[in-house]
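Protein chains in written order, with my numbering: chain A, 69 to 705; chain B, 80 to 275. Each residue gets a CB set at the ideal place from its N, CA and C atoms; glycine is no exception.
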């Protein structure tokens, strides 16, 4: 067990990730239910908490999607218990409806929504900003500046949620959630509460002729303004004023820490005022107003959209301040992408120019080498999807004509990148079948295939499939049933047969589920057998639609982990050079463990070689070789 | 004007090569010595062979975990191309590169049938800027020591600990952070003793 979640370590200093600090804060607040859906940078909080299950009366679950997770957490909070919902920024999109309802109706036990925003889209398909969703739901949004504050805020957020009877959003970003630093472990609170389901008592405003729904919405707005009183005792927002400073920085969340470092590096710590904002919604207008009046130029630094900046601009307009505001709206800081030290430094340098206190010019040192080609992620050697994608390409070749293949979120997106490069694009989680349906309905002459992982199918793709059946969209869904959410770090899902703690759990039968929809064609195959998989996809493309082919084989990383535990000796493929005619069929798999020996000579003459460090002996290349030139050897290395 | 006394390492390689583990050992050792430390993981996916970087920042006063390009004191690479690319972008001109001589072709090159690029000219350029460089075939040494590539990262850590005194961490603290695991210690000691 990680020392971050051990109760005995109270008072000790431990190295913790931001996501672990949030988990620790929730434990210290005596959270009783945690539900979420994986997605960096919030996955780690769920993983950390799931490892503490055996010792404590706490339920942790991977829900089928974020909306369900939010509903489950809300249910616990309505029962008077403290609950946490963990999602990443794309998950925030999915749960908006449930969040808005939970705010309108309210909570009794503290309900905290952790939104991990992958600003910079380091591991995500797109970039987004959860804070806007918090604002839309009229709930408080907190954002920590460092790892210690992530723990403190997470703990406090439950109390705030109970005081205000609404969910509280704890938003953080990659730069903090995936970072580690030393934190001090605190003691756990104890809240022994009787479970009783009910809605919170609220003193709704009155208005003649207004419906309750409108009054509850009006209540949320006045409630949000009262949040300031509840927050007054905490130091999440504070002012570091420097006498005579013409420039000030408003640092939101982790940007406060970046600004502080940048000021140190530029030698400006005593010449620039700094306002730390940890409460993003509602904006601390009184404090921000005082700050703005003390400087001529204020830079707003935040990760994501110009959310706080827009609020600051509105305040300037409302109060008639003369302060000049720099940020994204003024194009001082570029929209999109992580706020990175060079950007922070250049914004500060620009602000110092504006107030007539230019800094000594210092040119950043040029890179030592010209940019070198980067590397994109690829499917792991031995991945069953390598067989599935190969079979799909073969089936498409066989049937001929135009085709369109779209991938869902998850490992399927690897098929949009080299070397597989089979799919036109990848979509939102669970979205590929719907997208494919629309395309297929518009152009019936094209073969349209949606490639969907099992996690994505159970997340929302199933509704797309039901819709395709009902509305007769001529699509083929290729389901990658590898029994895990591999792309986010091998988390379990409803067809894994294990729960968040790793215990045995009921397993949803994906092929059976598709069969129950009533589709004319559902067939399950083993993708490590490329010939039969190709045949099944070909029949699906040729026959009545919507059709589903389910490729069933556990993720190779799970296979290897299981085999290592069982003491199975790793297997490797071996090329028998005498049998090889360099036809290149094994290369068609686009497996990262096979490459041409030397550069490929158009006249032939070179042979494939198998990279033994990478090969995991999945048998795919053995099966596609028509000349028996690849065999498995068991006694490697 | 700049009174920062911090020391920054960017550790890079591919998923499965033990990048996060190496960063963790350094960070735990630093924490045990009472030093301020931040680490950040920068994966781009959960896949094997996908690029990953860890920034380790020692002895800084602020929490700002990402290293600025052109300022890293050390770049540690578990793969030649990844190391060269990162050093070219992140290393300060007089910095230190510790590199594992492993070659893992990129997926694009595999399909195109391109040979693994010659990294020698890149190292020569870096040396020309004043950078110091140690190349170690850590995979081979780990295979000799423990019969597995697992441990190559700790061979590289050993080389780092013996060659870069500015790291400022006693080898005893690093050993302690290896949790008394005999295989891990053997790889680390092999790296410490590496000459070349």
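Alpha-carbon to alpha-carbon, residue j and residue i
i                      : j                      : result
residue 705 of chain A : residue 592 of chain A : Confidence in residue 705 of chain A is poor, its pLDDT being 46 and thus under 50, which makes the residue's placement too unreliable to answer from.
residue 502 of chain A : residue 562 of chain A : 21 Å
residue 146 of chain A : residue 192 of chain A : 33 Å
residue 153 of chain A : residue 448 of chain A : 31 Å
residue 518 of chain A : residue 621 of chain A : 18 Å
residue 113 of chain A : residue 275 of chain A : 43 Å
residue 306 of chain A : residue 240 of chain A : 19 Å
residue 272 of chain A : residue 382 of chain A : 28 Å
residue 567 of chain A : residue 557 of chain A : 15 Å
residue 418 of chain A : residue 166 of chain B : 29 Å
residue 190 of chain A : residue 128 of chain B : 16 Å
residue 512 of chain A : residue 543 of chain A : 9 Å
residue 81 of chain B  : residue 560 of chain A : Unreliable positioning characterises residue 81 of chain B in this predicted model, as indicated by a pLDDT of 48, which lies under 50. A coordinate reading is not provided.
residue 82 of chain A  : residue 105 of chain B : 14 Å
residue 668 of chain A : residue 640 of chain A : Note on residue 668 of chain A: pLDDT 47, under 50, position unreliable in the model; no value is reported.
residue 670 of chain A : residue 189 of chain B : Only weak support is given to the placement of residue 670 of chain A: the predicted model assigns it a pLDDT of 47, under 50, and the question is left unresolved by the model.
residue 236 of chain A : residue 253 of chain B : 41 Å
Residue-chain proximity (residue i, chain A), Cβ-Cβ < 9 Å
i                      : result
residue 188 of chain B : yes
residue 147 of chain B : yes
residue 218 of chain B : yes
residue 197 of chain B : no
residue 221 of chain B : no
residue 183 of chain B : yes
residue 245 of chain B : no
residue 168 of chain B : yes
residue 262 of chain B : no
Residue i beta carbon near the ligand GTP (any heavy atom closer than 8 Å)
i                      : result
residue 112 of chain B : Ligands are entirely absent from the displayed structure, and the ligand GTP is therefore not among its contents.
Residue from the options whose Cα sits closest to the Cα of residue i
i                      : options                    : result
residue 379 of chain A : A:357, A:332, A:110        : A:357
residue 386 of chain A : A:254, A:354, A:218        : A:354
residue 87 of chain A  : A:320, A:389, A:413, A:118 : A:118
residue 420 of chain A : A:350, A:409, A:446, A:336 : A:336
residue 212 of chain B : B:229, B:181, B:219, B:177 : B:177
residue 257 of chain A : A:129, A:314, A:78         : A:78
residue 127 of chain A : A:139, A:228, A:133, A:144 : A:144
residue 681 of chain A : A:614, A:450, A:612, A:555 : A:450
residue 246 of chain A : A:196, A:187, A:233        : A:187
residue 191 of chain B : A:370, A:403, A:665        : A:665
residue 482 of chain A : A:659, A:406, A:233, A:388 : A:659
residue 115 of chain B : B:123, B:135, B:131, B:130 : B:135
Range covered by the alpha helix (DSSP H) that runs through residue i
i                      : result
residue 75 of chain B  : The structure shown does not extend to residue 75 of chain B, since chain B is modelled only from 80 through 275, so no value can be given for it.
residue 234 of chain B : 231-242
residue 42 of chain A  : The question about residue 42 of chain A has no answer here: the residues shown for chain A are numbered 69 through 705.
residue 106 of chain A : From DSSP, residue 106 of chain A is part of no alpha helix (DSSP H); its letter is neither H nor E.
Interface flag, residue i vs chain B, CB-CB below 9 Å
i                      : result
residue 116 of chain A : no
residue 195 of chain A : no
residue 88 of chain A  : no
residue 401 of chain A : no
residue 668 of chain A : Any reading at residue 668 of chain A must be qualified, since the residue scores a pLDDT of 47, below 50, and its modelled position is unreliable; the value itself is stated next. By this cut-off, residue 668 of chain A is an interface position.
residue 328 of chain A : yes
residue 449 of chain A : yes
residue 406 of chain A : yes
residue 663 of chain A : yes
residue 420 of chain A : no
residue 674 of chain A : yes
residue 341 of chain A : no
residue 108 of chain A : yes
residue 158 of chain A : no
Where the beta strand (DSSP E) through residue i begins and ends
i                      : result
residue 571 of chain A : Element bounds for residue 571 of chain A: n/a, residue is neither H nor E.
residue 172 of chain B : 170-179
residue 117 of chain B : 116-122
residue 199 of chain B : Careful: residue 199 of chain B lies outside any beta strand (DSSP E), inside the alpha helix (DSSP H) at 199-207.
residue 92 of chain B  : 86-93
(request) Report the residue ranges of all beta strand (DSSP E) runs contained in full by the stretch 219-301 of chain A; include only those spanning at least 3 residues, in chain order. (result) Secondary structure remark: continuous beta strand (DSSP E) runs of at least 3 residues inside the stretch 219-301 of chain A, in chain order: 236-241, 247-252.
(message) Runs of 3 residues minimum, wholly inside the stretch 575-616 of chain A: which ones carry the beta strand (DSSP E) assignment?
(response) 589-593
(message) For a minimum of 4 consecutive residues, which ranges assigned as the alpha helix (DSSP H) are wholly contained in the stretch 475-556 of chain A?
(response) Counting whole runs of 4 or more residues, the stretch 475-556 of chain A contains the alpha helix (DSSP H) stretches 500-510, 530-538.
(message) Going residue by residue through the stretch 108-140 of chain A, where are the continuous alpha helix (DSSP H) segments of at least 4 residues, counting only ones entirely within it?
(response) Counting whole runs of 4 or more residues, the stretch 108-140 of chain A contains the alpha helix (DSSP H) stretches 111-118.
(request) Give, in chain order, every unbroken run of the alpha helix (DSSP H) that is at least 4 residues long and sits entirely within the stretch 370-444 of chain A. (result) 375-387, 409-422
(message) If we require 4 or more residues per run, which alpha helix (DSSP H) segments fall completely within the stretch 328-364 of chain A?
(response) 353-362
(request) Within the stretch 619-658 of chain A, note down every full alpha helix (DSSP H) run reaching 4 residues or more, in order along the chain. (result) 624-634
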